[in-house]
Ligand SMILES: *Cc1c(COP(=O)(O)O)cnc(C)c1O
């Protein structure tokens with residue numbers, strides 16, 4: 003018999019919500035401070051619909067074409083229910099298009115992208131929340147992110163850009179680094195950013211494997227894919 007996909011998603015979603023609650027509680031935090039962004043990349047729009055029916059309000063995608071198709075396929079009602087987060091590496095020629103459907107762009111890492119997103123937002127009459135993606139590694143050029151010493155300039159560019167609001171930072175724990183060490187560093191970077199930009203209080207950190215560490219270190223958003231949707235097919 004075929005697996006009941008909705009039941010499977012419901013069970014895994016519940017399990018992840020329990021992990022978030024347990025991690026927040028043991029860190030002395032209110033679980034309501036942590037927003038779960040369910041990363042639906044590689045999975046069909048039917049799964050996105052099932053998740054919306056299960057009450058998921060934040061979804062994440064990392065490829066422009068796939069994201070545009072899936073978000074565009076939602077009904078008006080479904081679309082109004084969810085906040086769409088773009089979390090993938092951005093090319094400046096795609097950024098204006100991303101601005102046509104995303105609500106939050108978490109992966110902004112250079113001024114060129116800021117300008118392209120801002121133009122796109124204006125053209126489409128939209129407003130985007132922006133997180134600056136921070137590179138906590140320095141050697142791992144492939145995953146994107148601004149080096150911490152470049153963050154003030156990037157943040158100022160977002161602040162000045164029409165159609166964009168700076169909401170905080172995002173990072174991926176570098177491979178081979180203790181997640182607690184990486185996320186504690188991100189927390190210090192976020193604190194420094196808030197002294198210039200008090201409204202930039204979002205910290206997006208933590209995925210399926212390290213969300214507890216991220217929550218201990220103050221994450222306000224966790225981005226969880228495989229723990230809910232299952233193993234992604236290899237590209
Ligand atoms: C795919 C992805 C995630 C989700 O990763 P899982 O390990 O499947 O939870 C989170 N953040 C980013 C930036 C991603 O690309």
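In the working numbering, the protein residues as written are 3 to 237. Ideal placement from N, C-alpha and C gives every residue a C-beta, glycine not left out.
- In the DSSP assignment, residue 6 falls outside any alpha helix (DSSP H), carrying neither H nor E.
- Counting along the chain, the unbroken alpha helix (DSSP H) around residue 215 starts and ends at 213 to 218.
- In the three-state reduction of the DSSP assignment, residue 42 falls in the coil class, being assigned neither a helical nor a strand state.
- Residue 219 has its alpha-carbon roughly 5 Å from the corresponding atom of residue 186.
- Residues of the same chain with a CB within less than 6 Å of the CB of residue 41, apart from the 5 flanking positions on each side, are 62, 225, 227 in chain order.
- For residue 112, the secondary structure class from DSSP, reduced to helix, strand or coil, is coil.
- In this structure, 151 is the residue among 123, 179, 151 with its C-alpha nearest to the C-alpha of residue 134.
- Short note on residue 69: C-beta not closer than 7 Å to any heavy atom of ligand 1.
- Note that the C-beta distance between residue 208 and residue 221 is below 8 Å.
- With contacts defined by Cβ atoms closer than 8 Å, residue 168 and residue 199 form a contacting pair.
- Along the length of the region 52 to 76, whole beta strand (DSSP E) runs at least 3 residues long occupy 60 to 63, reported in chain order.
- Apart from the 5 residues on each side of it in sequence, residue 95 sits with its Cβ closer than 8 Å to the Cβ of 118 in its chain, given in chain order.
- Judged by their CB atoms, residue 131 and residue 99 are not nearer to each other than the 8 Å cut-off.
- Inclusion of residue 164 and residue 124 in the CB contact set at 8 Å is warranted, their separation being smaller than that value.
- In this structure, ligand 1 has no non-hydrogen atom nearer than 7 Å to the beta-carbon of residue 147.
- Per DSSP, the beta-bridge partners of residue 206 are 172, 223.
- Relative to ligand 1, the beta carbon of residue 43 is positioned inside 7 Å of a heavy atom.
- The C-alpha of residue 88 lies about 18 Å from the C-alpha of residue 203.
- With fewer than 16 other Cβ atoms from the protein chains shown falling within 10 Å of its own Cβ, residue 6 counts as exposed.
- With a contact defined as Cβ atoms closer than 8 Å, residue 113 and residue 159 qualify at about 5 Å.
- Looking from the CA of residue 38, the closest CA among 51, 235, 216, 184 belongs to 216.
- Residue state for residue 177 is assigned as coil, using DSSP reduced to three classes.
- The nearest non-hydrogen atom of ligand 1 is less than 7 Å from the C-beta of residue 89.
- Going by beta carbons, residue 213 and residue 138 fall outside the 8 Å limit.
- Residue 171 is a Cβ neighbour of residue 191, given a cutoff of 8 Å.
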